[in-house]
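Visitor: Residues 26 to 189, numbered by the working numbering, are exactly what the sequence shown covers, in order. Got a structure for you, written out below as structure tokens; questions coming shortly.
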Amino acid sequence: MKPLTEQDIRASFVNCSKGDAKRLAVPRDLAGRSWEDLDFLGWRDPGAPERSYIVTEHAGRLVGVALRFPAQQRSFLQRSMCSLCLTTHPGNGVSLMTARRAGEAGRQSNSVGVYICTDLDCSLYVRGVKSPDPGGRMEESLSVEEQIERTRGKLSAFVDKVLV
């Protein structure tokens, strides 16, 4: 992913108002990010723990999606799998994140959801830069490059659902 500025990020959001995009908390460490290891920029809002954001390149443009997820508590013994990177995590390591659809559908409160790593570090798990708990990544016959493409494809399919 190419490096992003705060202005790029704020202008990319498709499922919230311009005022909401102007007020959202953008990560302060943009200059220090390892952009070459990211398929998308994902972060949680420190002021609103039930909110997260993803910004990705999609169909030749930058698309930002505002997400919400419940503050539910799962059992530590329960494991869930991220539908983007296929990493499993115990407890609250994977969350069902929902996004209002863009445009008229979103104004009618229509939304779509996807199970994602709660820390939004899918790109790092796929590349082996960040390690999940033991048993979190299954050994696959796909190469890392193929796994990256699969993750990008699943994210792209989710963004398509937000945009429709």
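Even glycine gets a Cβ: it sits at the ideal position worked out from N, Cα and C. Remember, predicted model here, so these are calculated numbers, not experimental data.
Counting pairs of Cβ atoms below 8 Å between the segment 108-121 and the segment 146-166, do you hit three or more?
Guide: Verdict: yes, contact present.
Visitor: What is the DSSP secondary structure of Val154, counted as helix, strand or coil?
Guide: The residue given as residue 154 occupies position 129 in the sequence shown. Val154 falls in the coil class under three-state DSSP.
Visitor: Could you tell me the distance, in whole angstroms, from the CA atom of Thr81 to the CA atom of Leu66?
Guide: Along the sequence shown, read from residue 1 onward, the residue named residue 81 stands at position 56. Along the sequence shown, read from residue 1 onward, the residue named residue 66 stands at position 41. Straight-line Cα distance between these residues: approximately 6 Å.
Visitor: What residue range is occupied by the uninterrupted alpha helix (DSSP H) comprising Arg48?
Guide: Here residue 48 refers to the residue found at position 23 when the sequence shown is read from its first residue. Where Arg48 is concerned, the enclosing alpha helix (DSSP H) stretches over Lys43 to Arg48.
Visitor: For Leu66, which residues does DSSP report across the bridge?
Guide: Along the sequence shown, one-based indexing puts residue 66 at 41. DSSP output for Leu66 lists Val80 as bridge partner(s).
Visitor: Rounding to the nearest angstrom, what Cα-Cα distance links Ser105 and Met26 in this structure?
Guide: Along the sequence shown, one-based indexing puts residue 105 at 80. Along the sequence shown, one-based indexing puts residue 26 at 1. Each residue's Cα considered, the two are about 27 Å apart.
Visitor: Quick check: what's the CA-CA separation for Val169 versus Arg152?
Guide: By 1-based counting over the sequence shown, the position of residue 169 is 144. By 1-based counting over the sequence shown, the position of residue 152 is 127. In a straight line, the C-alpha of Val169 is about 6 Å away from that of Arg152.
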